[in-house]
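Asks:
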Amino acid sequence: MPRAKNNKHGLGKHPTYEYWRWRIKLCEELLTAGLSNKINETGIKNAIPLLKQSIKGITNNDVFKDCIVVADLGCSSGPNTLLVVSNIIDIVHEVCQENNREVPQFQMPQGLENNGSHIYIAKTSPPDVYQAYGKQFHIDFTKFLRMRSEEVVHGGSMILTITSRSSVDPTSEDNCDLFELLGQSLIDMLKEGLVRGEDINSFNIPIYCPCVDEVRNIIESEGSFSIEDLNVFKINWDPYDTDYTNMNHSNELCQVHGKNTSKVIRAGLEPLLVSHFGNSIIDVLFKKFEKHVADYLSKKKTRYFFLTISLTKK
């Protein structure tokens, strides 16, 4: 195969540093312009006919019996996050109706239906709510470790960073308060007639922040890895806030922290919220959330709690 000629970016058998900087810059520009997301969206939509054909084939071969498990291995953030899954749900519903099958129902851990108007674990949640979250995390994290153990060689290392909490109490401030403020923002919109109560009651954020002991116990009971090191650290809600004292900030600075925190949470949760509540509420919701966070931070400072673990395959 003939060797590519060098161009001004150093593209040859061994691309230069300048070439890679040019490629990175181009990617940054594409992402900034939103073109990358548009390309992904177009690709996903073009694959829908094939997706529909595949799902129909599964049902015709009688492989699909009582349930169907969907795994989307794409990006977990951005506007296209749930595009594939939402289309699969629509196709499954359509195929079931065509074949006179009962349409499957969404599943959530047992106990979350008792969480009332809360969208996450709250200080007033009954015990079966946070027990349901903890049980599901135990199942998922155990399975995660088992799967990774099949990929890591004997003596190999794996480093994990997990959003955790500082206390064994699942209703601790660093676990609950941020999502309680988001829930309060939804309640505000309910009072204004912008969202429905049943939509809030049926929404639960699928995130669980375990304490250190929970993580340690699951790793030890699963048995594939040994713990070499374990460290904890905290990060301010506003990632641009480098002040780790507990001094009260000015109202103006708290408003900045509220705005930045709102952007961070929106980046992670917007696709999930849009799929449940629709797109029309999002801007108003996060404006209200921004104000709640600013007011909260004017009184006290709560931080994310992270756990970093070094593991070795047995």
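Read left to right, the sequence shown gives residues 558 to 871 (the working numbering).
C-beta: ideal position from N, C-alpha, C; glycine also.
1. With distance defined between alpha-carbon atoms, name the residue in VAL725, ILE645, ILE822, ASP840 nearest to TYR687.
2. Spatial neighbours of ALA851 within its chain, please: C-beta separation below 6 Å, excluding the five flanking residues on both sides.
3. Could you have a look at LEU751 and say whether DSSP puts it in helix, strand or coil?
4. Have a look at ILE764 and GLU779 and give me their C-alpha separation to the nearest angstrom.
5. Can you find at least 3 beta carbon pairs, one from the stretch 837-852 and one from the stretch 740-749, that sit closer than 8 Å?
6. Alpha carbon to alpha carbon, how far is SER867 from ASN793? Give it in angstroms, no decimals.
7. State yes or no: is the C-beta of ILE676 within less than 9 Å of the C-beta of ASN761?
8. Return the CA-CA distance between PRO683 and LYS602, expressed in angstroms with no decimal places.
9. Look up TYR801 in the DSSP assignment and give the residues it is bridged to.
10. In the DSSP output, which residue or residues are listed as bridge partners for ASN788?
11. Three-state secondary structure (DSSP) at LYS870?
12. Candidates PRO727, ASN817, ALA824: which alpha carbon is nearest VAL769's?
13. Could you give the C-beta distance for GLU730 and THR859, rounded to a whole number, given that I count them as a contact under 8 Å?
14. What's the C-alpha gap between SER781 and ILE716?
15. Taking the Cβ atom as the reference point for each residue, do PHE834 and THR720 lie within a distance shorter than 9 Å?
16. Taking C-alpha atoms, which residue in GLU737, LYS845, ASN774, LEU787 lies nearest to THR681?
17. Within its chain, find whatever has a CB closer than 7 Å to the CB of PHE698; leave out the 5 residues flanking it on each side and keep chain order.
18. How many angstroms separate the CA atom of ILE873 from the CA atom of GLU659?
19. Give the DSSP-derived three-state secondary structure of ILE646 in the structure shown.
20. What did DSSP end up calling ILE716 once you bin it into helix, strand or coil?
Replies: Concretely, from the data shown:
1. VAL725
2. CYS811, GLN812, GLY815
3. coil
4. 21 Å
5. With the cut-off at 8 Å, the stretch 837-852 and the stretch 740-749 touch.
6. 24 Å
7. yes
8. When only Cα atoms are considered, PRO683 and LYS602 end up about 42 Å apart.
9. The partner list for TYR801 (beta bridge, DSSP) is empty, contrary to what the question assumes.
10. THR865, per the DSSP bridge assignment.
11. In the three-state reduction of the DSSP assignment, LYS870 falls in the strand class, which pools E and B.
12. When only C-alpha atoms are compared, the closest one is PRO727.
13. 5 Å
14. Using only the alpha carbons, I get a separation of about 14 Å.
15. no
16. GLU737
17. Counting only Cβ-Cβ distances below 7 Å, and skipping sequence neighbours, we find ILE775.
18. The chain is shown only over 558 to 871; residue 873 falls outside these bounds and no answer can be derived.
19. Correct three-state label for ILE646: helix.
20. strand
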